[in-house]
Amino acid sequence: MHPSSREYLDGGENLPLYYGEDYLVLLPRDPYWLFSYWEISIPTRRSFESEFRKTWESLQQAIRVYRYDAQRAEKESHFDIQIDFSSDNWYIKAGVPDKQYQIELGCYLPDKRFHAILSSNIVSTPRDSLSDVIDENWRLPD
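Mapping of the sequence shown onto the numbering used here: residues 9 to 150, in sequence order.
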């Protein structure tokens with residue numbers, strides 16, 4: 009790249025750190041891991057604080073991970089991961105390939121119930137084995 013062309017790449021503007029929107033996105037990383045990122049807007053945080061009379065920082069936040077059967081799309085199980093309130097992304101060890109997953113971001117109420125704030129999309133992890141389809145065009149050499 010020519011040194012003088014670098015000045016046109018920056019343009020003097022930066023992307024914002026936050027967009028003021030509520031979203032929770034889930035992505036499969038590989039057969040065993042998921043990646044999620046999110047933003048909880050200031051109005052949503054304030055509304056939640058006023059409803060439960062606790063500061064955002066004092067809430068015990070968590071990600072609830074739901075595992076679905078890949079064929080039936082029924083919930084098989086779930087588990088929780090406690091997170092820090094300042095986090096905005098997380099790697100999740102799903103542990104089981106060829107399944108569907110969905111997560112909820114929320115917190116534990118004083119009575120220890122989980123209260124969801126945001127729900128993600130549903131993703132499928134790939135399988136960790138060779139395909140069952142045997143096609144002469146893709147046959148392994150002897």
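Every residue gets a Cβ at the ideal spot worked out from N, C-alpha and C, and that includes glycine.
Since we're looking at a predicted model, the values are computed, not measured.
Name the one or two DSSP bridge partners that residue i has.
i                 : result
glutamate 47      : Tyr31
phenylalanine 122 : Tyr116
serine 127        : Glu112
proline 36        : Leu42
serine 132        : Gln108
Nearest by alpha-carbon distance to residue i: which of the options is it?
i                : options                        : result
valine 131       : Pro36, Tyr27, Leu23, Lys101    : Pro36
tyrosine 45      : Asn129, Glu21, Gly20           : Asn129
tyrosine 74      : Asp140, Trp64, Tyr27, Ser127   : Ser127
phenylalanine 93 : Glu65, Glu57, Asp143, Leu25    : Glu65
glutamine 156    : Leu138, Asn145, Arg121, Pro134 : The requested residue 156 does not occur in the structure, where the chain is confined to residues 9 to 150.
Let me confirm a value: residue i is counted as buried when at least 16 other C-beta atoms fall within 10 Å, else exposed. Which label applies?
i             : result
lysine 107    : buried
glutamate 112 : buried
alanine 70    : buried
glutamine 110 : buried
Consider the Cβ of residue i: report whether some Cβ of chain D lies at a distance smaller than 8 Å.
i           : result
glycine 114 : Chain labels in this structure do not include chain D; a single protein chain is all it has.
3 or more residues per run - each beta strand (DSSP E) lying fully within the segment 41-111: You should have 41-47, 68-76, 83-90, 97-101.
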